[in-house]
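Colleague: Questions regarding the structure given below will be posed in turn.
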Amino acid sequence: AGNGKELFIAFTSDRGLCGGVNSAVVKNIKATILGKEAAGSTGKGLDLLLVGDKGRDGLSRAVGQYITTSFKDVFRAPVTFEQACVITEDIMKKDYDKITMVYNLFRSVISQEVTQGVVHGLEFMKTHAEVFDEYEFDSDMDSSQVLVDLFEFKFAAQLFSACLENGTSEQAARMSAMDNATRNAGEMLNQLTLKYNRQRQSVITSELIEIISGAEALEG
């Protein structure tokens, strides 16, 4: 039987200026955990692990008591499977019945969808080990250890996939945000240039009127 412990993994970026991808993940996790608190279903143990640094402030204020581990600078360079394995090894030190990965799923350059990917714990795989009976395992280890290794590899692959999806969503959102910022800056520059030219023209017109008026006064 499982122990009822649950882990949430929040995937956010390490840098800003990428639209609402980080705030969307923070809102999703806050709503889920606070909902569990209201229902009284956090008693058996709930942990929160952060992948990326930008979600820390928002989550610390609302559900900071659940944060156990934080991995920074994951998305400052292209994510590798080795990084996913390091995070997986840290998670495997504890026995969780359920792991929920909250990340942005890349749909298009202008569309990223917050997704909760649920991974059942090792105990679940052991309980349903009979599904592997039709496969041959060429290994010197006993079957239980094979299941542990299989689960660890499977989870690392899923975590790596979530990192890639979130990293792609971050870059797409940043590109879109920068494109909007460039467009807005261009429109602002055009408006200021028009305003400057109108004011300059007004000053020139006033000076010409003064010169003409002065000349007419001298002639008169």
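If you read the sequence shown in my numbering, its first letter stands for residue 1, the second for the next number, and so on. Using N, Cα and C, we set each Cβ at its ideal position, and we do this for glycine too. Keep in mind that this is a model prediction, so the values were computed, not measured.
#1: Is residue 106 near residue 165, with beta carbons less than 7 Å apart?
#2: Would the beta-carbon of residue 51 fall within 7 Å of that of residue 74?
#3: According to DSSP, is residue 77 helix, strand or coil?
#4: Would you kindly work out how many angstroms separate the C-alpha atoms of residue 178 and residue 136, rounded to a whole number?
#5: Which first and last residues belong to the beta strand (DSSP E) in which residue 96 is found?
#6: Take every Cβ of the region 61-68, pair it with every Cβ of the region 23-37, and state whether three or more of those distances are shorter than 8 Å.
#7: Looking at the structure shown, is residue 216 part of a helix, part of a strand, or coil, going by DSSP?
#8: Residues in its own chain within less than 8 Å of residue 79 by CB, not counting five upstream and five downstream?
#9: Skipping 5 residues on each side, what residues in its chain have a beta carbon closer than 6 Å to that of residue 110?
#10: For residue 67, which beta-bridge partners are listed by DSSP?
#11: Cβ of residue 173 within 7 Å of Cβ of residue 19?
#12: Under three-state DSSP, which class holds residue 189?
#13: Rounded to whole angstroms, how far is the Cβ of residue 97 from the Cβ of residue 187, which I believe are closer than 8 Å?
#14: Helix, strand or coil: how does DSSP classify residue 105 here?
#15: Can the beta-carbon of residue 151 be found less than 7 Å from the beta-carbon of residue 122?
#16: Apply the 10 Å Cβ neighbour rule to residue 25 and answer buried if 16 or more other Cβ atoms are within range, or exposed otherwise.
#17: For residue 147, which of 158, 219 and 132 has the nearest alpha-carbon?
#18: Secondary structure at residue 40, three-state DSSP: helix, strand or coil?
#19: Give me the residue from 124, 22, 4 and 69 with the minimum Cα distance to residue 44.
Modeller: Looking at the coordinates:
#1: yes
#2: Judged by beta-carbon spacing, residue 74 lies within the 7 Å limit of residue 51, meaning their Cβ atoms are closer than that value.
#3: coil
#4: 52 Å
#5: Neither: residue 96 is in no beta strand (DSSP E) and is coded neither H nor E.
#6: yes
#7: helix
#8: 160, 163, 164 and 167
#9: 176.
#10: 48
#11: yes
#12: helix
#13: That pair is no contact at about 53 Å.
#14: strand
#15: yes
#16: By the neighbour-count rule (16 or more Cβ atoms within 10 Å), residue 25 is buried.
#17: With respect to the C-alpha of residue 147, the residue from 158, 219 and 132 having the closest C-alpha is 132.
#18: coil
#19: 4
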